[in-house]
Structure formats: structure tokens, C-alpha cells
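Numbering (the numbering used here), first residue to last: 47 to 238. Every residue gets a Cβ at the ideal spot worked out from N, C-alpha and C, and that includes glycine. Only a predicted model underlies this, so the values are computations on that prediction, with no experimental measurement involved.
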């Protein structure tokens, strides 16, 4: 058994992960497993090296700008703001969306608009009515906030990825988060 990582050649400690034809250290495993979202046991070292280089390119392509990003406000795991440098960050929310995506950072000026998306299509006032009156029931299949950015780019902040009843705790928490995000985005648009 190798005493060094098959990818970075670093000396292996207690935490090591096996693939078909090698062993990977914890740092490299984080990269090749897409932030711990996939297994490497059934993959060959050649595949892992390709995944490693691709994922390193993705993470190095996050543009923090010349001045970086410092979180001054956070709304759950859905949105982070740098109010000093006027930047928005949408983190990879793998626990909600169940898929891996890169962190998105962009300046306030890139934000051209936003919209609450629900399935079925329900207005925010109707959602508020469901929130204030838990006896009224409806099933919400999906809820997100769609950000309209420069160059017709669209970025969704998924809040409820699957069906919930409007009387449930999940809906009530999702509604509070959506309301908080919408108020924050309104302030940002007004500030631009």
C-alpha cells in the first residue's frame, strides 16, 4: 500500500480514500469528490486526475475581483453579501439542490431584477396569506428567487426544491427566508 497520495504525492495520514488503483489524501478527495458529493471507490486514478484538474480550474475561476469578498451579511445558506465592496455571493447549496455547482459572486451593478418563482404560480401576497393562516392549505412544489443579471444571465436561488404543504414548518421557514432575500434585493436595487 502506498504511503503517499496518488494525486499530490503528499504523505498520507489517518484519513485516506481508496480508488481502484490508488489512494487519495483528504485534501485531494475533497476536490475529486466534488465537495464530498460523489464516491471514488469505483474510479480509476486516470479519471480522478482528470476530475482533479477540471475542478481546480473551476474553483480558480471564481472571480473575487481585486478587492476580494468579505461577508458582512448572510441569509441562511442561500445568500451572502459584502456590503462594503457591494458584491453578492450565491454559495453552492448542495443540501438543498442535491447537485454540485460553483459559487457565484457578482457586483451589485450586475443585478438588473429579481422575481419569486413558485410552482404552482402563486403571488407573494397569496404566500403571505398562507403563512399568516396555517389552516389554509396548498401544496407548493417548488420555490426559488430568480435573479436577472447582466447579459441576460439568470441565477436561481432555490429555497424549496420539492413539494411541501403550506401548513408545514418547511414552508414557514422557506417563506421567511424568501421574504428576507426579497427585502434585501429590493434594498440593493434601490441602492444602485
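Which ranges would you report for the alpha helix (DSSP H) in the segment 134 to 197 if only whole runs of at least 4 residues count?
140 to 143, 170 to 178
Report the partner residues of residue 63 according to the DSSP bridge assignment.
70
Need the endpoints of the alpha helix (DSSP H) that residue 88 sits in, please.
That residue, residue 88, is in no alpha helix (DSSP H); it is neither H nor E in DSSP.
Element boundaries [alpha helix (DSSP H), containing residue 127]
Looking at the DSSP string, residue 127 is not in any alpha helix (DSSP H); the run it does join, the beta strand (DSSP E), is 125 to 128.
Using 8 Å as the Cβ pair cut-off and three pairs as the minimum, do the segment 163 to 177 and the segment 132 to 139 touch?
no
Can you tell me which of the three DSSP states residue 199 falls into?
coil
Best match in 227, 129, 220, 125 for proximity to residue 116 [C-alpha to C-alpha]:
Of the candidates 227, 129, 220, 125, the one whose C-alpha sits nearest the C-alpha of residue 116 is 129.
Measure the beta-carbon distance from residue 71 to residue 85 and round it to whole angstroms, keeping in mind my assumption that it falls under 8 Å.
Actually they are not in contact, since the Cβ atoms of residue 71 and residue 85 sit about 16 Å apart, beyond 8 Å.
Residue closest to residue 131, alpha-carbon to alpha-carbon, out of 187, 114, 95, 92
The shortest C-alpha separation from residue 131 is found at 114.
Give every residue of the same chain whose Cβ lies closer than 7 Å to the Cβ of residue 162, excluding the five residues on either side of it in the sequence, and list them in chain order.
170, 191, 224, 228
Between which two residues does the beta strand (DSSP E) holding residue 119 run?
119 to 121
Count the CB pairs spanning the segment 78 to 96 and the segment 193 to 207 that are closer than 8 Å, and state whether there are at least three.
no
Under a Cβ-count criterion, where at least 16 other Cβ atoms within 10 Å of its own Cβ denotes burial, should residue 127 be classed as buried or exposed?
buried
In whole angstroms, what is the alpha-carbon distance linking residue 107 and residue 236?
In this prediction, residue 107 scores a pLDDT of 49, lower than 50, which makes its location untrustworthy; the coordinate-derived value is nonetheless stated afterwards. Rounded to whole angstroms, residue 107 to residue 236 spans 30 Å at the Cα level.
One question on the structure: do residue 97 and residue 78 come within less than 7 Å of each other, judged by their Cβ atoms?
Yes; because the gap between Cβ atoms is below 7 Å, this pair is in contact.
With DSSP run on the structure shown, which of helix, strand or coil describes residue 211?
strand
Output the distance between the C-alpha atoms of residue 101 and residue 53, rounded to the nearest integer angstrom.
13 Å
Rank 226, 89, 215 by C-alpha distance to the C-alpha of residue 15 and give the top, closest one.
Absent from the model: residue 15. The displayed extent of the chain is 47 to 238, so no value can be given.
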